[in-house]
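Engineer: Submitted below is the structure of interest, expressed as structure tokens.
Chains as they are written, first to last, in this note's numbering: chain A, 198 to 507; chain B, 964 to 1243.
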């Protein structure tokens, strides 16, 4: 049974995963915490918490809230910074079988490029994922992902700065995600990840205040799955690079839906909060599904729901 | 930390909207200390009801399945040995969807959980007199601490505060050696007022103090401790909204004092026990 998928193919910018199940940025910290809990080496890839050149303290609390079949988060990109990442974490990743993809953020286009250049010379990093989609950054994040030209400029700066594969994670908080997708692919993106959280909020009617300290937050979890699926379908049709599906994936069935919509791989995120074993259960479930349906190669599943003419 | 299903053995209402639920799953409390906690997923569980946790492909995520989404952190409240083995209990106020779901659990029902988590209370080796201060449902982790301390032959005084008499944890359920001081906001039981007053009076008596309750209560205690003639170490258990309980979501941050400034720490992983002087 073949589960391996290519996320990037060109020369040094190539990345092949042993299977399509990844963990999403911001839902697995830096990967080391759950190494004791399950065999993380079985995963297709781990995407780190988004990291900036300088460490960030993140948002004040309240940072999270529960909503129907979903959650709001406004963590505010709390992270250890690139130097600590390179000193304390990357040496561990370098000994792992599972590839680690580092999610990066900058306050300026140049800072994104600086992060990419820094990681170019850091052993243990398999690829970078550009966070131009977080609705919670006071600087950077979504503001760079809502305009096709700005998104392309950030992508181009990173592609120039590193030979590593560059995955661009897109925001759903735009008029046309397809326009942004095409623009960053033209700028050299190796692959796309769809989608980051939907910008949202909640109010406590007793205190008459927004529940989240910074008012707005990102909505994730099963509630957003149908939206994410629709966007993966649209983007996969419009671009020629691999698309990684992300948004509310909790079970193998969810993951297979995204693969059938045209995703080459998937990221499990919020589901890991309600079950630390969720990523591995998704992988086990995909394997069972393939066995039960006599599917020898995962590529028979990828795009299976799409009309054959496209 | 272990992950798995805990089987409910008993659920009962104790007072007000406060319930205790007992579980038989010793591995989920293996090595646990008073002040540590467990994450409980409080929702119907169609995905894994078939018994084979890897067979979730047969059971697509449904709305019921994903709601309430997030697991709830609960302090271990007591452990006990029954004819069928070791059990651990939780004590909680029914305040929302998760706790309402828990209160409706019947013996035999299974709850997906992972623990023990976090850093519990630490009794100093030289401490002989312990002062425990509980506000409202914050009594839960202190009940076990009191039992543990009494079993070690230490002197325990426990200040138990609540809004009114009907919300006071029953004294009959604490070890008989514990000296109990009750306060209520309205004076319907014990002393009228807040726990901070007896806390201030008893601070000099104790070698070490332990608290759990609303943040406003513990902040007021910090003020009392600062002004006191004597310095006594005070450990507090903090509560904050949690996503994962294990340090991966960064939801439960708290701004605490560290050498050379302040830093965002995580209640679940760096706490939930903190030195009161590092927080307020």
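Positions of the beta carbon are idealized from the N, C-alpha and C atoms, including for glycine.
Here the structure is a predicted model, which is why all the values come from computation and not from measurement.
#1: Is there at least one Cβ from chain A nearer than 8 Å to residue 982 of chain B's Cβ?
#2: Who are the near neighbours of residue 1168 of chain B in its chain, counting only those whose CB is closer than 8 Å to its CB and skipping five residues on each side?
#3: At least one CB of chain A closer than 8 Å to the CB of residue 1203 of chain B: is that the case?
#4: Among residues of its own chain, excluding the 5 on either side of residue 259 of chain A, which ones have a beta-carbon nearer than 7 Å to its beta-carbon?
#5: What residue from A:326, A:306 and A:388 has the CA that sits closest to residue 351 of chain A's CA?
#6: Pair every Cβ in the stretch 471-481 of chain A with every Cβ in the stretch 496-507 of chain A, then say whether three or more of these pairs are closer than 8 Å.
#7: Per DSSP, which residues does residue 442 of chain A bridge with? Please list them.
#8: Within 10 angstroms of the Cβ of residue 1015 of chain B, are there 16 or more other Cβ atoms? Answer buried if so, exposed if not.
#9: Near residue 406 of chain A, what residues of its chain come up, given a Cβ to Cβ distance below 8 Å and the 5 sequence neighbours on each side ignored?
#10: Helix, strand or coil for residue 1160 of chain B per DSSP?
#11: Taking the alpha helix (DSSP H) that residue 1189 of chain B falls in, what are its first and last residues?
#12: Mind pulling the chain A residues with CB within less than 9 Å of residue 926 of chain B?
#13: Please report the straight-line C-alpha distance between residue 238 of chain A and residue 214 of chain A, rounded to a whole angstrom.
#14: Against chain B, does residue 254 of chain A count as a neighbour if the rule is that its beta carbon must be under 8 Å from one of theirs?
#15: Name, please, each residue of chain B whose Cβ falls closer than 7 Å to the Cβ of residue 226 of chain A.
#16: Which residues in chain A sit within 8 Å of residue 1227 of chain B, going by Cβ to Cβ distance?
#17: Among residues of its own chain, excluding the 5 on either side of residue 1183 of chain B, which ones have a beta-carbon nearer than 8 Å to its beta-carbon?
#18: Once you ignore the five residues that flank residue 1163 of chain B on each side, which residues in its own chain have a CB closer than 7 Å to its CB?
#19: I need the straight-line Cα distance from residue 970 of chain B to residue 1047 of chain B, nearest angstrom please.
#20: At a Cβ cut of 9 Å, what residues of the stretch 257-269 of chain A count as close to chain B, listed as they run along the chain?
#21: Checking 8 Å against the spacing of the C-beta atoms, do residue 1083 of chain B and residue 996 of chain B come in under that value?
#22: Can you find the residues in the same chain that come closer than 7 Å, C-beta to C-beta, to residue 254 of chain A, ignoring five residues on each side of it along the sequence?
#23: Quick one: which unbroken beta strand (DSSP E) runs of 3-plus residues sit fully inside the stretch 306-345 of chain A? Chain order, please.
#24: At 7 Å on the CB atoms, spell out the chain A contacts of residue 1033 of chain B, in chain order.
#25: How far does the beta strand (DSSP E) with residue 300 of chain A in it extend, from its first residue to its last?
#26: Residue 478 of chain A by DSSP, collapsed to three states: which one?
#27: Residue 437 of chain A to residue 334 of chain A, Cα distance in whole Å?
#28: Using a Cβ-Cβ cut-off of less than 7 Å, give me the residues of the stretch 432-449 of chain A that come near chain B, in sequence order.
#29: Could you tell me whether the stretch 336-354 of chain A touches the stretch 295-315 of chain A, using the rule of 3 or more Cβ pairs below 8 Å?
#30: Under DSSP, the alpha helix (DSSP H) around residue 430 of chain A begins and ends at which residues?
#31: Under a three-way DSSP split, which group does residue 285 of chain A fall into?
#32: Against residue 272 of chain A, what residues of chain B qualify as contacts under a CB-to-CB distance less than 9 Å, listed in chain order?
#33: When the Cα atoms are used, what is the spatial distance from residue 338 of chain A to residue 256 of chain A?
#34: Measure the C-alpha to C-alpha separation of residue 1148 of chain B and residue 1123 of chain B and round it to an integer number of angstroms.
#35: Would you please verify whether the beta carbon of residue 230 of chain A is less than 8 Å from any beta carbon of chain B?
#36: By how many angstroms is the C-alpha of residue 468 of chain A removed from the C-alpha of residue 1208 of chain B?
Structural biologist: Reading from the atomic positions:
#1: no
#2: 1092, 1094 and 1120
#3: yes
#4: In chain order, 408, 409 and 410 place their CB closer than 7 Å to the CB of residue 259 of chain A, counting only its own chain and leaving out the 5 sequence neighbours on each side.
#5: A:306
#6: When Cβ pairs closer than 8 Å are counted between the two stretches, the stretch 471-481 of chain A is seen not to touch the stretch 496-507 of chain A, the count staying below three.
#7: A:391 and A:463, per the DSSP bridge assignment.
#8: With a pLDDT of 45 at residue 1015 of chain B, under the threshold of 50, the predicted position of this residue should be treated as unreliable, and no value is reported.
#9: 400
#10: helix
#11: 1178-1190
#12: Only positions 964 to 1243 of chain B appear in the structure, and residue 926 of chain B is not among them; the question remains open.
#13: Rounded to whole angstroms, the gap between the alpha carbons of residue 238 of chain A and residue 214 of chain A is 11 Å.
#14: yes
#15: 1210 and 1211
#16: Chain A residues near residue 1227 of chain B: 254, 255 and 275.
#17: These residues qualify, in order along the chain: 1157 and 1159.
#18: Here the set comprises 1187 and 1191.
#19: 12 Å
#20: Answer set for the stretch 257-269 of chain A: 257, 258, 259, 260, 261, 262, 263, 264, 265, 266, 267 and 268.
#21: yes
#22: 275
#23: 324-328
#24: The answer, in chain order, is 263, 268, 470 and 471.
#25: For residue 300 of chain A, the enclosing beta strand (DSSP E) begins and ends at 297-301.
#26: helix
#27: 30 Å
#28: Taking 7 Å as the Cβ-Cβ cut-off, the stretch 432-449 of chain A approaches chain B at 447, 448 and 449, given in chain order.
#29: yes
#30: 422-435
#31: helix
#32: 1212, 1213, 1214 and 1216
#33: 14 Å
#34: 11 Å
#35: yes
#36: Spanning the two alpha carbons is a distance of roughly 13 Å.
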